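Novice:
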Amino acid sequence: MNPYVLTILLSSLGLGTVLTFASSHWLLAWMGLEINTLAIIPIMAQQHHPRAIEATTKYFLTQATAAAMILFASTTNAWLVGEWEIHQLSHPLATTTAMLALALKLGLAPVHFWLPEVLQGLELTTGLILSTWQKLAPFALMIQIAPTMNSSLLIAMGLLSTIVGGWGGLNQTQLRKILAYSSIAHLGWMVLILQFAPSLTLLSLLLYMIMTSSAFLTLKTNNSLTINTLAISWTKSPTLAALTALVLLSLGGLPPLSGFMPKWLILQELTKQELPLPATMAAMTALLSLYFYLRLCYAMTLTIYPNTLPATAPWRLNFTLITLPLSIVTILALGLLPLTPAVTAMLTL
Numbered sequence: 001m002n003p004y005v006l007t008i009l010l011s012s013l014g015l016g017t018v019l020t021f022a023s024s025h026w027l028l029a030w031m032g033l034e035i036n037t038l039a040i041i042p043i044m045a046q047q048h049h050p051r052a053i054e055a056t057t058k059y060f061l062t063q064a065t066a067a068a069m070i071l072f073a074s075t076t077n078a079w080l081v082g083e084w085e086i087h088q089l090s091h092p093l094a095t096t097t098a099m100l101a102l103a104l105k106l107g108l109a110p111v112h113f114w115l116p117e118v119l120q121g122l123e124l125t126t127g128l129i130l131s132t133w134q135k136l137a138p139f140a141l142m143i144q145i146a147p148t149m150n151s152s153l154l155i156a157m158g159l160l161s162t163i164v165g166g167w168g169g170l171n172q173t174q175l176r177k178i179l180a181y182s183s184i185a186h187l188g189w190m191v192l193i194l195q196f197a198p199s200l201t202l203l204s205l206l207l208y209m210i211m212t213s214s215a216f217l218t219l220k221t222n223n224s225l226t227i228n229t230l231a232i233s234w235t236k237s238p239t240l241a242a243l244t245a246l247v248l249l250s251l252g253g254l255p256p257l258s259g260f261m262p263k264w265l266i267l268q269e270l271t272k273q274e275l276p277l278p279a280t281m282a283a284m285t286a287l288l289s290l291y292f293y294l295r296l297c298y299a300m301t302l303t304i305y306p307n308t309l310p311a312t313a314p315w316r317l318n319f320t321l322i323t324l325p326l327s328i329v330t331i332l333a334l335g336l337l338p339l340t341p342a343v344t345a346m347l348t349l
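Everything in the sequence shown is counted per full-length UniProt numbering, starting at 1 for the first residue and increasing by one.
#1: Quick test of your reading: Phe260 and Leu124, contact by CB under 8 Å. State the CB separation rounded to the nearest angstrom.
#2: Which value, in whole angstroms, describes the spacing of the CA atoms of Phe72 and Ala94?
#3: Pull up the CB-CB distance for Leu102 and Met142, whole angstroms please, since I reckon it's below 8 Å.
#4: Please list the segments of the alpha helix (DSSP H) lying wholly inside the segment 78-165, counting only runs of 4 or more residues, in order along the chain.
#5: Note down, in chain order, each residue of its chain lying with its Cβ closer than 6 Å to the Cβ of Tyr59, except the 5 sequence neighbours on either side.
#6: Figure out for me which residue from Leu246, Val18 and Asn171 has the closest Cα to the Cα of Gln134.
#7: According to DSSP, simplified to helix, strand and coil, what is residue 417?
#8: Which residues bound the alpha helix (DSSP H) around Glu34?
#9: Taking only runs of the alpha helix (DSSP H) that begin and end inside the segment 180-267, which ones reach a length of at least 4 residues, in chain order?
#10: On a Cα-Cα basis, can you pick out the residue from Gly335, Ala279, Ala241 and Leu219 that is closest to Thr301?
#11: Does the distance from the CB of Leu267 to the CB of Ala282 come in under 8 Å?
#12: Can you give me the Cβ contacts of Pro325 inside the same chain, cut-off strictly under 7 Å, excluding the 5 residues immediately before and after it?
#13: Within this structure, are the beta carbons of Gly107 and Ile184 separated by less than 8 Å?
#14: Between which two residues does the alpha helix (DSSP H) carrying Pro338 extend?
#15: Per DSSP, which residues does Gln174 bridge with? Please list them.
#16: What does the alpha-carbon distance come out to for the pair Leu203 and Gly121?
#17: Compare the Cα-Cα distances from Thr173 to each of Leu290, Leu225 and Pro147 and report the closest residue.
#18: Rounded to whole angstroms, what is the Cα-Cα separation between Gly335 and Pro341?
#19: Note down the Cα distance separating Ile129 from Ile227, rounded to an integer number of angstroms.
#20: Let's test the definition: count the other Cβ atoms within 10 Å of the Cβ of Arg176 and tell me whether it reaches 16, buried, or not, exposed.
#21: Below 8 Å between beta carbons: does that hold for Met99 and Met31?
#22: Given a threshold of 16 other Cβ atoms within 10 Å of its Cβ, counted over all protein chains shown, does Asn2 qualify as buried or as exposed?
#23: Quick one: using the 10 Å Cβ neighbour count with 16 as the cut-off for buried, is Thr211 buried or exposed?
#24: Taking the alpha-carbon of residue 359 as reference, which of Lys105, Ala55, Ala156 and Leu296 has the nearest alpha-carbon?
#25: Do you know whose CA, among His49, Ser237, Ala29 and Phe21, lies nearest Ala68's CA?
#26: Once the 5 residues before and after Ser182 are set aside, which same chain residues still bring their CB inside 7 Å of it?
#27: According to DSSP, is residue 409 part of a helix, a strand, or is it coil?
#28: Count the other C-beta atoms from every protein chain shown that fall within 10 angstroms of the C-beta of Val5, then say buried if there are 16 or more, exposed otherwise.
#29: Apply the 10 Å Cβ neighbour rule to Ile79 and answer buried if 16 or more other Cβ atoms are within range, or exposed otherwise.
#30: From Leu270, Leu9, Ala22 and Ser24, pick the residue whose C-alpha is nearest to that of Ile155; which is it?
#31: Since Thr132 and Ser12 are thought to touch, with beta carbons under 8 Å apart, how far apart are those beta carbons, to the nearest angstrom?
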């Protein structure tokens, strides 16, 4: 793609998100989401591969449906209540419709079906943008309308997402689909605590973005798309293979890695809110996610791939890649747990 065109598209991507952040009116927020969607579609379709075009079409249709539902919800609220402000979304029909629309934009269960299919058809860099940056604008709106939402619906949606995210990734061999189900599970954890501690949701989103960025950049550096290619990545760079295993375990939420911090704080907050059953169910579903991360780690570090590999083994890394972002996000994905006391102190301010 032409660098000037790419610059314009990435700038529009940033502009759409910032516009949604800054808006207090539903139409302005909707406009930001539309700019965001229209900016990423050419980036997704730049491969000119049938699978990429299919993924782009699916993404466009789901995002257009969600945008239409947001317009419907805001217009319904304006008709029934007389308010266009995001904070004034008070009618039950409007709030439920808006919540479902934002869930569709994010890929939360039960409207998650598009996310693994779309992510599977994209290049790793575009998949990284879709899994991280594209979650920010809908989450900003979701946090603003959460106080007026039915808490039972939010908890049910969060628990369903953690179950689907854990269950769906068990049988996958494609790494991008595994990361898509991982994304659904993490979003479920965030929605679970959304109404009780929005600051904790933002912390979880930040750490999810750091860990997912590290996972995607590691796979891009290794040039791995399936478990089979990941299994031979240790021949190219043993250090990177060891770090990849640690990043995956951090995504799974194992101590003493950074991924343990949001799960620990969320379970603590749910217990404080006297919700032991959702907390127990969320902790149990985390074991499902942990299983497929451990499966990847086992394939990568504890097995030797058979010599009858039909593809040419890529023995050398491509050293033209810029590895500084990978280094920074990997350090953050592995070593932030000791900062937990400072983070909890900041959250209580």
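C-beta: ideal position from N, C-alpha, C; glycine also. Computed from a prediction, not measured in an experiment: that's the story for all the values here.
Specialist: The structure says:
#1: Mapped onto the sequence shown, residue 260 falls at position 260. Mapped onto the sequence shown, residue 124 falls at position 124. Contact flag wrong, Cβ pair sits at about 26 Å.
#2: One-based indexing of the sequence shown puts residue 72 at position 72. One-based indexing of the sequence shown puts residue 94 at position 94. So the alpha carbons of these two residues sit roughly 8 Å apart.
#3: For the purposes of this step, residue 102 is identified with residue 102 of the sequence shown, where counting begins at 1. For the purposes of this step, residue 142 is identified with residue 142 of the sequence shown, where counting begins at 1. Leu102 to Met142, Cβ: 5 Å. Contact.
#4: 92-106, 114-120, 124-131 and 136-145
#5: Locating residue 59 in the sequence shown gives position 59, counting from the first residue. If we look at Tyr59 and ignore the five residues flanking it on each side, its Cβ neighbours are Val118.
#6: For the purposes of this step, residue 134 is taken as the residue at position 134 of the sequence shown. Among Leu246, Val18 and Asn171, the Cα nearest to that of Gln134 is on Val18.
#7: The shown model of the chain, from 1 to 349, leaves out residue 417, and the question about it has no answer.
#8: Here residue 34 refers to the residue found at position 34 when the sequence shown is read from its first residue. Unbroken alpha helix (DSSP H) run through Glu34: Trp26 to Met44.
#9: 198-222, 227-231 and 238-252
#10: Position 301 of the sequence shown holds residue 301. Nearest of Gly335, Ala279, Ala241 and Leu219 to Thr301, Cα basis: Ala241.
#11: Position 267 of the sequence shown, counting from 1, holds the residue named residue 267. Position 282 of the sequence shown, counting from 1, holds the residue named residue 282. In this structure, Ala282 lies closer than 8 Å to Leu267 by Cβ.
#12: The residue given as residue 325 occupies position 325 in the sequence shown. So the list reads Leu217, once near-sequence residues are dropped.
#13: In the sequence shown, counting from the first residue as 1, residue 107 sits at position 107. In the sequence shown, counting from the first residue as 1, residue 184 sits at position 184. Yes, these two residues count as a Cβ contact at 8 Å.
#14: Residue 338 sits at position 338 when you count from the first residue of the sequence shown. That residue, Pro338, is in no alpha helix (DSSP H); it is neither H nor E in DSSP.
#15: The residue you call residue 174 lines up with position 174 of the sequence shown. According to DSSP, Gln174 bridges with Thr226.
#16: Mapped onto the sequence shown, residue 203 falls at position 203. Mapped onto the sequence shown, residue 121 falls at position 121. About 29 Å.
#17: The count along the sequence shown starts at 1 and reaches residue 173 at position 173. Per the Cα distances, Leu225.
#18: Against the sequence shown, residue 335 aligns to sequence position 335. Against the sequence shown, residue 341 aligns to sequence position 341. Their backbone Cα atoms lie some 14 Å apart in a straight line.
#19: Against the sequence shown, residue 129 aligns to sequence position 129. Against the sequence shown, residue 227 aligns to sequence position 227. The alpha-carbon atoms of Ile129 and Ile227 are separated by roughly 22 Å.
#20: Position 176 of the sequence shown holds residue 176. So Arg176 ends up on the buried side.
#21: As a working note, residue 99 is residue 99 in the sequence shown. As a working note, residue 31 is residue 31 in the sequence shown. Taking 8 Å as the Cβ cut-off, Met99 and Met31 do not qualify as a contacting pair.
#22: Here residue 2 refers to the residue found at position 2 of the sequence shown. Exposed.
#23: As a first step, residue 211 is located in the sequence shown; it is residue number 211 there, counting from the start. Thr is not the amino acid found at residue 211; the sequence shown has Met there. Label assigned to Met211: buried.
#24: Absent from the model: residue 359. The displayed extent of the chain is 1 to 349, so no value can be given.
#25: As a position in the sequence shown, residue 68 is number 68, starting the count at 1. Checking every option, the nearest Cα to that of Ala68 belongs to Ala29.
#26: Translated into positions along the sequence shown, residue 182 becomes position 182. These residues qualify, in order along the chain: Gly165, Gly169, Leu251 and Ser289.
#27: Because the chain in this structure spans residues 1 to 349, residue 409 falls outside the shown range and cannot be described.
#28: Mapped onto the sequence shown, residue 5 falls at position 5. Flag for Val5 reads exposed.
#29: On the sequence shown, residue 79 is found 79 positions in, with the first residue counted as 1. Checking the sequence, you will find Trp at residue 79 rather than Ile. Exposed.
#30: Numbered from 1 along the sequence shown, position 155 holds the residue referred to as residue 155. The option with the nearest alpha carbon to Ile155 is Leu270.
#31: Numbered from 1 along the sequence shown, position 132 holds the residue referred to as residue 132. Numbered from 1 along the sequence shown, position 12 holds the residue referred to as residue 12. No, Thr132 and Ser12 are not in contact; Cβ-Cβ is about 17 Å, not under 8 Å.
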